[in-house]
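Peer 1:
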Amino acid sequence: MRIRTASARPVLTSRLLIPAALVLITACGSVVSPSGTPGGGKPGFPPVSSAPADQYVAGQIVVKYRPGATPRDIGSARALRQATATGRGGGFTFVLVEVPPGKEAEYIAQYAAQPGVEYAELNLRRWRVDGETVQVAGSGGAIPSRDPSGAITPTDPKLSEFHSAFQVTRLDGTVTPASEATWQWDLHRIGAPVAWGSVDGSGVKVAITDEGVDCTHPQLAGKCLAGWDAVDNLAIPAGANSDTGGHGTHVTGTVAAKADGVDMVGVAPGAQIIPIRLLGPQGGTTMMVVNGMLKAVGLGCQVFNASWGGLVGSRAEVDAIEFAIANNCVPVFAAGNAFSPTNAPAYPAAFATTIPGMIAVASSTPTNRVSTFSSAGPYVTIAAPGEPIYSLFPTAQGSNGFIRGTSMAAPHVTGAVALMLERNPGLTPQQVRAILQNTAKAPCSGYARPDYSGSRCVSPTVYAPGAGSYGWGLLDAGAAVSAAAGP
-8 MRIRTASARP
2 VLTSRLLIPA
12 ALVLITACGS
22 VVSPSGTPGG
32 GKPGFPPVSS
42 APADQYVAGQ
52 IVVKYRPGAT
62 PRDIGSARAL
72 RQATATGRGG
82 GFTFVLVEVP
92 PGKEAEYIAQ
102 YAAQPGVEYA
112 ELNLRRWRVD
122 GETVQVAGSG
132 GAIPSRDPSG
142 AITPTDPKLS
152 EFHSAFQVTR
162 LDGTVTPASE
172 ATWQWDLHRI
182 GAPVAWGSVD
192 GSGVKVAITD
202 EGVDCTHPQL
212 AGKCLAGWDA
222 VDNLAIPAGA
232 NSDTGGHGTH
242 VTGTVAAKAD
252 GVDMVGVAPG
262 AQIIPIRLLG
272 PQGGTTMMVV
282 NGMLKAVGLG
292 CQVFNASWGG
302 LVGSRAEVDA
312 IEFAIANNCV
322 PVFAAGNAFS
332 PTNAPAYPAA
342 FATTIPGMIA
352 VASSTPTNRV
362 STFSSAGPYV
372 TIAAPGEPIY
382 SLFPTAQGSN
392 GFIRGTSMAA
402 PHVTGAVALM
412 LERNPGLTPQ
422 QVRAILQNTA
432 KAPCSGYARP
442 DYSGSRCVSP
452 TVYAPGAGSY
462 GWGLLDAGAA
472 VSAAAGP
């Protein structure tokens, strides 16, 4: 197995370009990729053949140059922003180009015909996978902690404080013991205390690709490295508050809040955080998220958490994800909160079906059922607790609290990956995914893995037909860390 070295890290630069001449082409038609030109598709993936008007930015396209080509070689348009990456798997350049609104299809065709261009596509809109703040009724009280017999012994009260709402009967018929029915029931459910017997994620770099992170929060203080703001194209200083919505801080708390005995603890409390802001108050775009993912790789991420997406797939996003995997940064995506009987897939999470090493995460409840909102389909890799999850809010928002969503489930897997990579830094993303799949717990008796219908584990009176994608089962961080060590 290969272990990364500093010299092998990819390099990324991102900068504004001087506007050049704008060339107009007169044509008509809807936003459709012309026949024979890639407009966001790739063999084996759904192409961006068309898109509703609310799913892309009018007057902008994303162009990928072939290696060695430059904006001067291509010319004939107004370049707004560029992202260039080099590392394992080669190097490439993406450019955001301004075109006349309504003429995106014609310009996609024009650029795709240039010898220096690999493809051009729409600049799609991206939104966070929204979590919902919830109030959890029930009574609480102190329960003696069960001490992990190894690396760390967290004394954070919410890990051991009983909460009656979480003492429930699970799908297998067992009742959650009082010692695990705590405010942080989720960490007990995934076996985090077992994993802490040997690792806590120390030294592992985790990128949080979100709305930013409040690194001034006391439970994140000293954990955040320098990051990148792909919305405003600015560096984020180490330890700064870059959160513009609160979502990113809540996600980060689940991944890596310190074990300081104050309130709650993350899955990998020793991990370091790279804050990557790629969504603003109005969401983001393909160019922003590609810029953010590439920058995360350039800053040395070993795993990144992503709770964002849209309804249309992007080839540029696939390339960025595959670039991360080639450079040994594991991409973990929330599967989406849009379950329906016809369940439209969320992108780029849905690409986990065909990208080895990519992980898409569904949400489960204290009873081990899949959450009713959790998007279903063959792209779901694994399920993890997502409803409701107690974690950090930015200091300006006051006390911490509960949120539910697949964006609360994904950081449990991200934290588990950090624990695995401390145990064995030489694991590839493909090996990480295989271990998570092979060690996942069956949510009920008779569960055949993988199961994308969950028909054996859901109640038709509660869930619509076809609901319940667990993928390979429920996350077991303790077993995954043990398996990561190898024979």
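Residue 149 in our numbering sits at position 158 of the sequence shown, with consecutive numbering throughout.
Every residue gets a Cβ at the ideal spot worked out from N, C-alpha and C, and that includes glycine.
Keep in mind that this is a model prediction, so the values were computed, not measured.
1. Rounding to the nearest angstrom, what Cα-Cα distance links W118 and G188 in this structure?
2. If I measure Cβ to Cβ from R414 and keep anything under 6 Å in the same chain, skipping five residues before and after, which residues do I get?
3. Quick one: is R440 buried, meaning 16 or more other Cβ sit within 10 Å of its Cβ, or exposed?
4. Under 8 Å between C-beta atoms, does M255 make it to chain B?
5. How about V294 and C320: do their beta carbons lie closer than 8 Å?
6. Express the C-alpha separation of H238 and F364 in angstroms, rounding to a whole number.
7. Consult DSSP for W463 and reduce its assignment to one of helix, strand or coil.
8. Assuming T160 and T358 form a contact by the criterion Cβ under 8 Å, report the distance between their Cβ atoms to the nearest whole angstrom.
9. What is the DSSP secondary structure of N429, reduced to helix, strand or coil?
10. When you compare the segment 177 to 188 with the segment 395 to 415, are there three or more beta-carbon pairs, one atom per stretch, that lie closer than 8 Å?
11. Hey, how far is the Cα of P376 from the Cα of A329?
12. Less than 8 Å separating the beta-carbons of V352 and E308?
13. Beta carbon of A186: closer than 7 Å to some heavy atom of the ligand MN?
14. Assess, as a yes-or-no matter, whether the segment 42 to 50 is touched by the segment 239 to 256 under the definition of 3 or more beta carbon pairs within less than 8 Å.
15. Can you grab the Cα-Cα spacing for the pair S460 / L162, in whole Å?
16. Since I373 is in the beta strand (DSSP E), which residue starts that stretch and which ends it?
17. Spell out a yes or no on whether the segment 338 to 351 and the segment 310 to 326 are touching, meaning 3 or more CB-CB pairs, one atom from each, closer than 8 Å.
18. Check the DSSP bridge columns for S390 and list the partner residues they point to.
19. Rounded to whole angstroms, how far is the Cβ of V361 from the Cβ of S298, which I believe are closer than 8 Å?
20. Does the segment 208 to 223 come close enough to the segment 164 to 172 to have 3 or more Cβ pairs within less than 8 Å?
21. Restricting to runs no shorter than 4 residues, where is the alpha helix (DSSP H) found entirely within the segment 288 to 347?
22. Suppose you measure from the CA of G300 to the CA of P106; what does that come to, to the nearest Å?
23. Flag this pair as touching only if the segment 197 to 204 and the segment 261 to 275 have three or more C-beta atom pairs under 8 Å; answer yes or no.
24. From the DSSP output, which residues share a beta bridge with R268?
25. Leaving out the 5 sequence neighbours to the left and right, which residues in its chain are closer than 6 Å to V564 when beta-carbon positions are compared?
26. For the alpha helix (DSSP H) that Y102 lies in, which residues bound it at each end?
27. According to DSSP, what are the bridge partners of R119?
28. Note down, in chain order, each residue of its chain lying with its Cβ closer than 7 Å to the Cβ of D234, except the 5 sequence neighbours on either side.
29. Report the partner residues of K196 according to the DSSP bridge assignment.
30. So which of A74, G59, Y47 has the shortest CA-CA distance to G283?
31. What is the DSSP secondary structure of L162, reduced to helix, strand or coil?
32. G194 to G82, Cα distance in whole Å?
33. How many Å lie between A90 and D147 at the Cα?
34. Nearest to L410 by alpha carbon, out of A470, S398, P434?
35. Using a 10 Å radius around the Cβ and a threshold of 16 neighbouring Cβ atoms, would you call S390 buried or exposed?
36. List the DSSP bridge partners of I143.
Peer 2: Looking at the atomic coordinates:
1. 38 Å
2. Leaving aside the five residues that flank R414 on each side, the residues in its chain whose CB is nearer than 6 Å to its CB run, in chain order, V190, V472, A475, A476.
3. exposed
4. Of the chains in the structure shown, none is chain B; there is only one protein chain.
5. yes
6. 18 Å
7. coil
8. 7 Å
9. helix
10. The segment 177 to 188, when compared against the segment 395 to 415, does touch it at the 8 Å Cβ threshold.
11. Answer to the nearest angstrom: the Cα atoms are 17 Å apart.
12. no
13. With respect to the ligand MN, the structure shown offers nothing to examine, as it has no ligands at all.
14. In short, these stretches do not touch, since the Cβ pair count stays below three.
15. 15 Å
16. 373 to 376
17. yes
18. According to DSSP, S390 bridges with nothing at all.
19. With a Cβ gap of about 17 Å, V361 and S298 do not count as contacting.
20. no
21. Runs found: 306 to 317.
22. 31 Å
23. Short answer: they touch.
24. Within the DSSP secondary-structure output, R268 pairs in a beta bridge with D201, D220.
25. Residue 564 lies beyond the stretch modelled for the chain, which goes from -8 to 478, so this question has no answer here.
26. 95 to 103
27. W299
28. Result list for D234: E202, G203, V204, D205, T240, P385, in chain order.
29. Q263
30. A74
31. DSSP places L162 in coil when its eight states are reduced to three.
32. 27 Å
33. Going by the sequence as given, residue 90 is Val instead of Ala. Looking at the backbone, the Cα of V90 and that of D147 are separated by about 54 Å.
34. L410 has its Cα closest to that of A470, out of A470, S398, P434.
35. S390 sits exposed, since fewer than 16 C-beta atoms from the chains shown fall within 10 Å of its C-beta.
36. Looking at the DSSP output, I143 shares a beta bridge with no other residue.
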